[in-house]
Every structure is written in C-alpha cells, then in structure tokens.
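Chains S and E, in that order, give the protein sequences. So for the first sequence, this note's numbering puts the first residue at 1; every next one is plus one. So for the second sequence, this note's numbering puts the first residue at 113; every next one is plus one. To start, the structure under review is shown below, and the notes come after it.
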Amino acid sequence: KAGVTQTPRYLIKTRGQQVTLSCSPISGHRSVSWYQQTPGQGLQFLFEYFSETQRNKGNFPGRFSGRQFSNSRSEMNVSTLELGDSALYLCASSSLIDAEAFFGQGTRLTVV
Amino acid sequence: TQLLEQSPQFLSIQEGENLTVYCNSSSVFSSLQWYRQEPGEGPVLLVTVVTGGEVKKLKRLTFQFGDARKDSSLHITAAQPGDTGLYLCAGEEGYQKVTFGTGTKLQVIP
Chain S
1 KAGVTQTPRY
11 LIKTRGQQVT
21 LSCSPISGHR
31 SVSWYQQTPG
41 QGLQFLFEYF
51 SETQRNKGNF
61 PGRFSGRQFS
71 NSRSEMNVST
81 LELGDSALYL
91 CASSSLIDAE
101 AFFGQGTRLT
111 VV
Chain E
113 TQLLEQSPQF
123 LSIQEGENLT
133 VYCNSSSVFS
143 SLQWYRQEPG
153 EGPVLLVTVV
163 TGGEVKKLKR
173 LTFQFGDARK
183 DSSLHITAAQ
193 PGDTGLYLCA
203 GEEGYQKVTF
213 GTGTKLQVIP
C-alpha cells in the first residue's frame with residue numbers, strides 16, 4: 001500500500017510569488033490535513049479537508065488556502081510569499097475509522 | 113485549541129541509558145498518538161493509546177496513557193543511536209481534531 005506522497009520535495013521561491021503544493025493521500029483515505037513545521041513554532045495545523053470540504057482551519061492568514069479533489073488528492077496554495085513562510089509543509093491522511101494520521105515526507109519551502 | 117506540553121524539550125544521552133518523555137495537557141483526549149520524526153522527513157506513527165491507564169510496549173519503548181486521559185509518557189530503555197529524532201505526541205480532542213505537542217528532540221550519542 002503506497003504511503004502519502006507530497007510533491008515537490010523541495011522548492012525555492014522569491015518573496016511575493018505564490019506556490020502550490022500537492023498531496024496524494026493513502027488509497028481509501030478521505031481526510032487530508034496540512035501542517036506547517038518550523039523550528040520555532042513546531043507543528044502547526046493549517047487546515048483539514050474531507051470529501052472536498054474544508055472541515056477545520058487553523059490560525060493562518062488568508063494567503064494560505066487549500067482544496068481537495070474528488071479523488072481525495074489535495075493542494076495547498078500560498079500567495080504573496082513572505083520570508084516567514086519558509087518551512088516544512090506536511091500533509092497527513094487518515095481514514096474515517098480513527099484519527100491516526102499518516103504523514104508524507106513533506107515539502108521543504110524556502111522563500112528568499 | 114488546547115496545548116500539549118512536552119518535556120523535556122531537548123535530551124542528549126549516552127547509548128544504553130534510559131529516558132522518559134512526558135506529554136501533558138489540561139484537556140481530556142479520547143486518544144493519544146506518539147510519533148517520531150527524523151530530520152527532513154514526516155512524522156511516523158509509533159503507537160496509539162485510547163484507554164485511561166493503558167500501557168503499550170513496542171520493543172524497548174513503553175507508552176502509558178494517564179488514568180484521566182490528560183497526559184502520557186514515553187519510556188525508552190537502553191537507548192540506541194537509531195532512537196535519535198523528534199518525538200511528538202498528538203491528542204484527539206473531538207472527531208478527527210488532533211493537536212500536536214511541542215516536541216522533544218532526542219539525541220543518543222554512541
């Protein structure tokens with residue numbers, strides 16, 4: 001069974017640009033959550049999608065958005081990038097049965 | 113969102129030593145998970161505990177869920193360099209709502 005796949009693994013962007021990150025969950029998982037991880041703030045919840053609907057949202061500005069497609073694949077978009085957006089962005093998928101989250105390897109975003 | 117405080121934040125020990133990591137909150141959780149994360153990788157699930165007082169063993173790792181389901185501990189016996197990593201606890205508050213702890217960075221020196 002394939003795990004959670006995130007693409008790309010690494011990304012370098014310039015301040016002011018926008019970026020789109022992709023996440024393919026484990027087959028059969030319909031819940032996808034996104035997290036931002038930085039050394040100073042730890043793992044912070046961005047949002048969660050289930051069946052193409054956003055169910056939960058963390059305390060991030062509107063520049064951070066996401067969506068989920070009918071095949072459960074999810075994308076996260078960050079517009080008008082700031083230096084402080086540099087982080088490891090993690091996607092996790094889970095099933096309906098329990099809350100165990102299975103993480104992808106993450107996308108390391110560097111904003112210069 | 114409730115906070116999950118982990119202690120200690122950092123731990124550097126010699127191979128063969130024992131250690132305990134704590135995860136505390138004022139909230140009651142329906143379940144609690146422990147993850148280990150290596151640099152540049154995503155967290156990997158180690159265990160889930162769901163019953164107050166529950167103890168689970170995974171080789172040299174022992175996990176305990178507090179009786180009141182507000183806290184948990186992870187004990188590692190005879191630590192090895194391969195145990196090095198960031199240990200994260202995560203509590204489920206409501207349906208599919210998970211809060212992650214602040215993390216404990218462990219370094220095991222050969």
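C-beta: ideal position from N, C-alpha, C; glycine also.
Could you tell me which chain E residues have their CB closer than 8 Å to the CB of residue i, listed as they occur along the chain?
{"i": "residue 52 (chain S)", "result": "Those do not exist, as residue 52 (chain S) stays about 15 Å from chain E at its closest Cβ, beyond 8 Å."}
{"i": "residue 43 (chain S)", "result": "155, 200, 212 and 215"}
Mind checking which residues open and close the beta strand (DSSP E) that includes residue i?
{"i": "residue 195 (chain E)", "result": "Taken as a continuous stretch (DSSP letters only), residue 195 (chain E) belongs to no beta strand (DSSP E), as it is neither H nor E."}
{"i": "residue 67 (chain S)", "result": "64–68"}
{"i": "residue 75 (chain S)", "result": "74–78"}
{"i": "residue 24 (chain S)", "result": "19–24"}
{"i": "residue 90 (chain S)", "result": "87–94"}
{"i": "residue 42 (chain S)", "result": "42–50"}
{"i": "residue 122 (chain E)", "result": "122–126"}
{"i": "residue 32 (chain S)", "result": "31–38"}
{"i": "residue 141 (chain E)", "result": "No beta strand (DSSP E) contains residue 141 (chain E), which DSSP labels as neither H nor E."}
{"i": "residue 185 (chain E)", "result": "183–188"}
{"i": "residue 9 (chain S)", "result": "No beta strand (DSSP E) contains residue 9 (chain S), which DSSP labels as neither H nor E."}
Buried or exposed: residue i, going by 16 or more other Cβ atoms within 10 Å of its Cβ?
{"i": "residue 181 (chain E)", "result": "buried"}
{"i": "residue 179 (chain E)", "result": "exposed"}
{"i": "residue 12 (chain S)", "result": "exposed"}
{"i": "residue 216 (chain E)", "result": "buried"}
{"i": "residue 122 (chain E)", "result": "exposed"}
{"i": "residue 211 (chain E)", "result": "buried"}
{"i": "residue 89 (chain S)", "result": "buried"}
{"i": "residue 191 (chain E)", "result": "buried"}
{"i": "residue 62 (chain E)", "result": "Residue 62 (chain E) is absent from the model: chain E starts at 113 and stops at 222."}
{"i": "residue 109 (chain S)", "result": "buried"}
{"i": "residue 221 (chain E)", "result": "exposed"}
Does any CB atom of chain S fall closer than 8 Å to the CB of residue i?
{"i": "residue 145 (chain E)", "result": "yes"}
{"i": "residue 163 (chain E)", "result": "no"}
{"i": "residue 196 (chain E)", "result": "no"}
{"i": "residue 160 (chain E)", "result": "yes"}
Check whether chain E comes within 8 Å of residue i, counting only Cβ atoms and requiring the distance to be less than that.
{"i": "residue 100 (chain S)", "result": "yes"}
{"i": "residue 90 (chain S)", "result": "yes"}
For a quick check, are the C-beta atoms of residue i and residue j less than 8 Å apart?
{"i": "residue 213 (chain E)", "j": "residue 104 (chain S)", "result": "no"}
{"i": "residue 49 (chain S)", "j": "residue 74 (chain S)", "result": "yes"}
{"i": "residue 202 (chain E)", "j": "residue 115 (chain E)", "result": "no"}
Residue i touches chain E at which residues, Cβ-Cβ below 9 Å?
{"i": "residue 105 (chain S)", "result": "152, 153 and 154"}
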